[in-house]
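To keep things clear, I will list the structure first and then write my remarks on it.
Number of protein chains: 2
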Amino acid sequence: MASSWEELAADKRKRINDSIPHEWRLQALPSDDSVFDFPAKSGLLSDQELKITESTASDLVQQLAEGKLTAVAVTTAFCKRAALAHQLLNCCLEFFPEMAIAQAKELDAYYEKYKKPVGPLHGLPLSLKDQLRVKGLETCMGYVSWLGKYDENESVLVTLLRRAGAIFYTKTSVPQTLMVCETVNNVIGRTLNPRNKNWSCGGSSGGEGAMVGIRGGLIGVGTDIGGSIRVPSAFNFLYGIRPSHGRMPYAKMANSMEGQETVHSVVGPMAHSAADLRLFLTSVLGMEPWKYDSKVVPMPWRSAEEDIIKLKIKEGLTLGYYSCDGVVLPHPPILRGIETVVSTLKDHGHQVIPWTPYKHDFGHNLIGNIYASDGNTDVFKDINASGEPAIPNIKDLLNPDIKKVDMNQLWDTHLHKWNYQMEYLDKWRELEEQQGRELDAIIAPITATAAIRHNQFRYYGYASVINLLDFTSVVVPVTFADKSLDSAKENYQAQALNSLDATVQAEYDPEAYHGAPVAVQVIGRRLSEERTLAIAEEIGKLLGNAVTP
Amino acid sequence: MASSWEELAADKRKRINDSIPHEWRLQALPSDDSVFDFPAKSGLLSDQELKITESTASDLVQQLAEGKLTAVAVTTAFCKRAALAHQLLNCCLEFFPEMAIAQAKELDAYYEKYKKPVGPLHGLPLSLKDQLRVKGLETCMGYVSWLGKYDENESVLVTLLRRAGAIFYTKTSVPQTLMVCETVNNVIGRTLNPRNKNWSCGGSSGGEGAMVGIRGGLIGVGTDIGGSIRVPSAFNFLYGIRPSHGRMPYAKMANSMEGQETVHSVVGPMAHSAADLRLFLTSVLGMEPWKYDSKVVPMPWRSAEEDIIKLKIKEGLTLGYYSCDGVVLPHPPILRGIETVVSTLKDHGHQVIPWTPYKHDFGHNLIGNIYASDGNTDVFKDINASGEPAIPNIKDLLNPDIKKVDMNQLWDTHLHKWNYQMEYLDKWRELEEQQGRELDAIIAPITATAAIRHNQFRYYGYASVINLLDFTSVVVPVTFADKSLDSAKENYQAQALNSLDATVQAEYDPEAYHGAPVAVQVIGRRLSEERTLAIAEEIGKLLGNAVTP
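Protein chains in written order, with our numbering: chain Z, 1270 to 1818; chain F, 1270 to 1818.
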């Protein structure tokens, strides 16, 4: 007899809870809005386990490679902290500590035998967004109808990370369809922000945002087709990189709208430092992913590109910036975040000049129509297959008015996209010609708001236009909203750019946002991961955020 | 009063003929089947002009850079020879010697003033397929309905080549729609093969094949979505490279099915030597095309990749090869061409091992459906706009049975394509694992036939599957069909693979093909231009074809 969707979801929740060993279970949940400091106070983790989980991935792999730490010790620490994370934040769709410890034991045995690591990530646990397939596990991606199917094949990235020595222990939650920047689905419900349960953890890689945010992992693997790595990174005071399409292997991952190639979703890491992002990227590229995934460009990590930036840092970078894209004005904390970055850079001798956002309204609308170009057939097929309802905010990103697009209309859309990308490159070159030097990157908001209150994410354009351009973008955590500094704008309604802008600005509440993470994105041209990450790292350093808590 | 399509086409033909100065016009056309030697005998070109046009592009740019030749002298020589080419072969859709000479004069003035070339192609005339837009000229691409529209903007590649010092003087003919490997349209009719007027010059870059084949130019710019650079290169005993998508800038060129992105057409050079192909590629990449065309990967020419091949050549390359793709058996001259290459390589100490073509029938069918995924709406719109008829062989490549594809069907096609590409990479890696060394390239036929008789091109799979895989492919001229060596197979019908195979084989006629060029393609993984070209160059050298006549 077929089960109802509610029964299937309840069964999944029970299975996730059952995967947490009894000794790691909390008897009662804390009542505080913030659980950010709870792991340290919980008594569940030993001092060494706290130290491990509060380290950096770069330090850990070095200690593992030198035999100073065992993979089992490191994995146990993160499994425990991840178990806490799930109980506190509701962030896991899969939790499999037994498989992780077994993998760790194998790696320790290898190290014991050969006295060397298997690869650059030897013994490092990585948390995975629930799009990545791991043999023997479910990939439900928040759809009830996908429950009960166990993966027989792994995603290419999982295979390569495993060969590099990474350990897997959890797959984290996503919003139904992935097409929303908050994380809620009918399987496990909503994932919370560790710093305040009233704030969203972001999305769609929101489970990663929460998990890495509370250090249940040090590097999380997310994906981004409209902000889904950058928004949860920003909302959790993390670094995150949206590589350009073709840099990292996406093959054999689950996805919404699989096969949609007008704008590609990309996969990338989220972490507490730029150095840890680099560790992930260099490790994956070292495995020559282009020999497995035909969409990956055969481009190893280019240290020479980083060296160019190091040299430029001494001479002074040339950076553009914008605070407002002309569609929705960010809230005061975000405006202050941009100002902080600009003034900090100027204080250190860098040239920071205004960038005029080019037709972002056009870009935002175009990508919105691309997302919905099958008239949302694909996502509703997967929603309706179980009888579960659609989550409320799907329509915010998936244009419900669009009919299925005809092939020749799609081809026109491709031309509009290409032309827009090239016009943007023209503007980039024009500024360079004016300045007589290279424009190294552009600094911009990622969202109009600091870590947002639930159900209020309305405007994706700050993130999504960068996807349309396929530019490389790195999130740099800047500061926190502060009610004493970030007053609400008075009488904004009269000067609002449009009704969406008015709505977004009206929702700013200095009290409710107090303490919410504020970030910027550092945007480089397509496939500029080395340079853009190096610039982001420098900005983080100048801000005093080289490694975030 | 609107003109009929016949009148519009006649007017265009008249305008092309009028563009040839009187003193360059032939009083009578030669009656020989072959006009290959005619330019040398015509008396139109001076000894120096013959020497210039029978040089290599690499030599010419060196002499131009050293001031030993003027741009005007070089340009005049090629304009004269191109004028002959058009009269003999009917290969030009645009011919503009005045504009070319004016450009040459400017370059000479620059050289006079600064004593240095403007760029790496200073003073070198390049012929362009009539998809490339040059300001002030028509781009009709063989469609009557596109006549009378003069370009206000240039293709990105034209702009960059111009900055590198290249001179433009002709745009060459293509088949109606571009989707055929012979060159015939209703504007100027059919373009002929310089070596025998009964043979096709190939297509769709057939005008380039004929023009460069008879040395009306030394480097021609073609495009390839299913063999369109490689087939005319093969049929004219030329080198040609189909770079992978994203290496060379295609932006702002005219095209059939513009905006179709499931399989991208790519642009690349055709020439008499691998060295001249490299000159083109390095010159374009030196202009940083990725700063102009968003689809170009920011990947400068990688000399280190060439150096790896040079080293491997000493130690012995590892190459795969196949003679038959399992769908259509090539004619005897092509089979002998493959055998010649394989035995030559083995004689020089290289390892050459059989490659099993992986599901080429599937790949050939898949790409055929992709070409027609709009139900051929786009191409018939442009054909019907003038009332001209469709050329007879359009249906050979454009599947007439396919209905316009639905968006979700297209997404499925994208997944089929991606999976096929990855399965092919799996096979590549498997062979490498078996051999314990890298597989450097694969040697294969480009077509089932040597330079084909008109209206007989039926099977595109040898070329088009490589487009589907987006592999880099370089054409190497090998030999010529020889009736004394290449006997027809007896009683083949009984063992034919299928009816198409039977038809193609039945059309082999040792007498009719005697002397027709035979080539192979050297196939490398995606974006492997440096390595694959270096291997092709070595093969050409070993065959004694380093520079072709």
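The beta-carbon is built from N, C-alpha and C at its ideal position, and this holds for glycine as well.
Predicted model only: the values in this text are computed from it and were never measured.
Residues in its own chain within less than 6 Å of residue i by CB, not counting five upstream and five downstream?
| i | result |
| --- | --- |
| S1655/Z | W1274, V1413 and S1414 |
| Q1332/Z | L1338 |
| Y1761/Z | Q1774 |
| I1652/F | A1659 |
Can you list the residues of chain Z that residue i reaches, using a CB-CB cut of under 9 Å?
| i | result |
| --- | --- |
| H1683/F | E1527, G1528, Q1529 and E1530 |
| P1658/F | Neighbours of P1658/F on chain Z: none; closest Cβ ~22 Å, over 9 Å. |
| L1694/F | W1559, K1560, Y1561, D1562 and S1563 |
| V1500/F | Per Cβ cutoff of 9 Å: no residues; V1500/F is ~24 Å from chain Z at best. |
| R1800/F | Ordered by position in chain Z, no residue passes the 9 Å Cβ test against R1800/F, which lies about 10 Å from the chain. |
| V1566/F | G1515, V1566, M1568, R1795 and L1796 |
Residue i versus chain F: which residues are under 7 Å apart at the beta carbon?
| i | result |
| --- | --- |
| T1646/Z | N1677 |
Taking all protein chains shown into account, do 16 or more other C-beta atoms lie within 10 angstroms of the C-beta of residue i, making it buried, or fewer, making it exposed?
| i | result |
| --- | --- |
| E1584/F | exposed |
| S1563/Z | buried |
| D1616/Z | exposed |
| P1818/F | exposed |
| D1493/F | buried |
| H1514/F | buried |
| D1301/Z | exposed |
| G1411/F | buried |
| E1759/F | exposed |
| Y1383/Z | exposed |
Along chain F, which residues have their Cβ under 8 Å away from the Cβ of residue i?
| i | result |
| --- | --- |
| A1520/Z | W1687 and M1691 |
| R1698/Z | K1560 and Y1561 |
| D1643/Z | M1676, N1677 and W1680 |
Rounded to the nearest angstrom, what separates residue i and residue j at their Cα positions?
| i | j | result |
| --- | --- | --- |
| K1404/Z | R1431/Z | 12 Å |
| V1773/F | N1505/F | 20 Å |
| H1533/F | D1643/Z | 22 Å |
| F1726/F | N1767/F | 17 Å |
| V1743/Z | S1733/Z | 14 Å |
| L1580/F | V1816/F | 22 Å |
| D1287/Z | T1345/Z | 17 Å |
| G1793/F | R1800/F | 8 Å |
| A1297/F | D1739/Z | 57 Å |
| D1420/F | A1503/Z | 46 Å |
| K1349/F | W1293/F | 6 Å |
| H1633/F | A1771/F | 18 Å |
| P1512/Z | I1622/Z | 24 Å |
| V1789/Z | L1416/Z | 37 Å |
Taking a contact to mean a Cβ-Cβ separation below 8 Å, would you say residue i touches residue j in this structure?
| i | j | result |
| --- | --- | --- |
| T1741/F | R1795/F | yes |
| E1407/Z | K1418/Z | yes |
| A1369/F | I1457/F | no |
| Y1508/F | A1543/F | yes |
| L1694/Z | Y1519/F | no |
| E1798/Z | L1390/Z | no |
| G1491/F | A1433/F | no |
| R1402/F | M1526/F | no |
| Y1731/Z | I1712/Z | no |
| V1611/F | Y1590/F | yes |
| T1460/F | L1548/F | no |
Residue i touches chain Z at which residues, Cβ-Cβ below 8 Å?
| i | result |
| --- | --- |
| Y1412/F | Within chain Z, no residue comes near Y1412/F; the closest Cβ sits about 17 Å away, beyond 8 Å. |
Got a sec? Which residues, its chain only, sit under 8 Å from residue i by beta carbon, not counting five neighbours each side?
| i | result |
| --- | --- |
| G1595/Z | P1626, H1629, D1630 and L1766 |
| Q1317/F | A1342 and A1346 |
Report the neighbours of residue i on chain F: residues whose CB is nearer than 9 Å to its CB, in chain order.
| i | result |
| --- | --- |
| K1673/Z | D1675, M1676 and N1677 |
| R1484/Z | The premise fails here: R1484/Z is roughly 35 Å from chain F at the closest Cβ pair, so nothing lies under 9 Å. |
Who are the near neighbours of residue i in its chain, counting only those whose CB is closer than 7 Å to its CB and skipping five residues on each side?
| i | result |
| --- | --- |
| F1347/Z | T1322, P1394, Y1438, G1485 and G1486 |
| I1804/F | I1578, L1586, D1709, A1710 and V1791 |
| A1750/Z | P1602, A1719, Y1782, H1783, G1784, A1785 and V1787 |
| L1754/F | R1605 |
| L1769/F | V1597, R1727 and Y1728 |
Return yes when at least one heavy atom of the ligand NAD lies under 7 Å from the C-beta of residue i, else no.
| i | result |
| --- | --- |
| Y1777/Z | With respect to the ligand NAD, the structure shown offers nothing to examine, as it has no ligands at all. |
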